[in-house]
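J.: Using the numbering used here, the final residue of the sequence shown is 241, and nothing's skipped along the way.
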Amino acid sequence: YDTKGNNVRDVVKYFGGRHADEAEAKEEYWASVGGHCGEEYLRRKQLGEEKKERGRKKRERLAIIEIDYEVWKLQADMRCCWGGCIQAMRKCRGGTTCLTDNRAEDKKRVEGRYPLLQEHGSADVVIHHRGHPVSLTGYQRVVYGDHGPYIEFTPSQLSAANLTKNEQKLNPMRYYDEHTIVGTDLLFYEQLRTVDSKRYPPKGGRYSVRNVQWGEGYADYKVGMWYVAADADFEIIPRQS
Numbered sequence: 001y002d003t004k005g006n007n008v009r010d011v012v013k014y015f016g017g018r019h020a021d022e023a024e025a026k027e028e029y030w031a032s033v034g035g036h037c038g039e040e041y042l043r044r045k046q047l048g049e050e051k052k053e054r055g056r057k058k059r060e061r062l063a064i065i066e067i068d069y070e071v072w073k074l075q076a077d078m079r080c081c082w083g084g085c086i087q088a089m090r091k092c093r094g095g096t097t098c099l100t101d102n103r104a105e106d107k108k109r110v111e112g113r114y115p116l117l118q119e120h121g122s123a124d125v126v127i128h129h130r131g132h133p134v135s136l137t138g139y140q141r142v143v144y145g146d147h148g149p150y151i152e153f154t155p156s157q158l159s160a161a162n163l164t165k166n167e168q169k170l171n172p173m174r175y176y177d178e179h180t181i182v183g184t185d186l187l188f189y190e191q192l193r194t195v196d197s198k199r200y201p202p203k204g205g206r207y208s209v210r211n212v213q214w215g216e217g218y219a220d221y222k223v224g225m226w227y228v229a230a231d232a233d234f235e236i237i238p239r240q241s
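1. I'd like to know if the stretch 143 to 152 and the stretch 99 to 107 are in contact, where contact means that at least 3 CB-CB pairs between them fall below 8 Å.
2. Report yes if the C-beta of L170 is less than 7 Å from at least one heavy atom of the ligand FAD; otherwise report no.
3. Looking at the strands, I want to know which residues DSSP matches up with G145.
4. What did DSSP end up calling Q191 once you bin it into helix, strand or coil?
5. Do you know offhand how far Q46's Cα is from K57's?
6. Taking the C-alpha atoms as reference points, what is the distance between G35 and V71?
7. Residues in the same chain with beta-carbon distance under 6 Å from S208, minus the five sequence neighbours each way, listed in chain order, please.
8. Measuring CB atoms only, is the stretch 152 to 160 touching the stretch 107 to 115, in the sense that at least three cross pairs come out at less than 8 Å?
9. In the DSSP assignment, find the alpha helix (DSSP H) that holds V259 and state where it starts and stops.
10. Assign L62 to buried or exposed, taking buried as 16 or more other Cβ atoms, counted over all protein chains shown, within 10 Å of its Cβ.
11. Is V134 closer than 8 Å to I237 when the C-beta atoms are compared?
12. List the endpoints of the continuous beta strand (DSSP E) containing E178.
13. Evaluate E152 with the Cβ neighbour count: other Cβ atoms within 10 Å of its Cβ, from every protein chain shown; 16 or more gives buried, anything less gives exposed.
14. Would you list the residues sitting across from S122 in a DSSP beta bridge?
15. Going by Cα to Cα distance, which pick from H120, E178, A229, G138 is closest to Q191?
16. Return the chain-ordered list of same chain residues with a C-beta closer than 7 Å to the C-beta of R193, the five sequence neighbours on each side being excluded.
17. Which residues mark the beginning and the end of the beta strand (DSSP E) in which T164 is found?
18. Have a look at G131 and S122 and give me their C-alpha separation to the nearest angstrom.
19. Can you look up P155 in the DSSP assignment and give me helix, strand or coil?
20. Go ahead and label V182 buried or exposed: buried means 16 or more other beta carbons lie within 10 angstroms of its beta carbon, across all protein chains shown.
21. Can you tell me whether E216 is buried or exposed? The criterion is at least 16 other CB atoms within 10 Å of its CB, across all chains shown.
22. From T180 to D220, what distance separates their C-alpha atoms?
23. Taking just the CA atoms, how far does D68 sit from K107?
24. Taking the alpha-carbon positions, what's the L314 to Q118 distance?
25. Per DSSP, I237 is paired with what?
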């Protein structure tokens, strides 16, 4: 019933004789009674339209979420597939990290300059820095990644005077601790986390290349290992027995 006591259903039936659409019949009735009833109809109509709009937006959000989920599943499958491909490629190539053209160029440059600096490491060489009191007694390997080549070694293989940690770079989410020798610009990196989830290397590196890497990230850095750039000014000599 409306505010005047009229049975709205009967009125709709009356107007329905001239209107096939019940909604149009209701609209004509509420418009005919005018005043408060007309305002009430407009208010209810607006609320209905707002409800429909909210429903439409909700369906759109759900559709976007569903698409994002499918994309995430596809990316996860790609990561698993590419990670397996990387492991298979490294196994077929003797465990090398030199899997792309830029890494091959880095390897050619490093081994051309230092013939004794082979990728898979050696305990039979001593690496001296020409300008600083630093030496490595053997090394684990040379890691070729998309941020350039780095020599990997353990802390016990390093001999360096006045080695200090950079206390200004102690972010809890950091991937490495940075060490330097007082008065020099030579940097050593102590790896705290792997970069498996980072497809791209940091920007600004001299040999940095933004390849899309899945599985092991932009380089195969190991937690607990130390690294130094392989392009530093070294002197590499055979280790005396």
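Using N, Cα and C, we set each Cβ at its ideal position, and we do this for glycine too.
T.: On the basis of the coordinates in this document:
1. yes
2. Ligands in the displayed structure: none, and consequently the ligand FAD is not present.
3. G148
4. strand
5. 16 Å
6. Because the pLDDT of G35 is 47, which lies under 50, any placement of that residue in the model is unreliable, and the number read from its coordinates should be weighed accordingly. Going by the C-alpha atoms only, they are around 54 Å apart.
7. H147, P201
8. no
9. Outside the displayed range of the chain (1 to 241) lies residue 259, so it cannot be described from this structure.
10. exposed
11. no
12. 176 to 181
13. buried
14. Y139
15. E178
16. Y175, V223
17. 163 to 165
18. 23 Å
19. helix
20. exposed
21. buried
22. 22 Å
23. 39 Å
24. Outside the shown range of the chain, which is 1 to 241, sits residue 314, and nothing can be said about it.
25. V126
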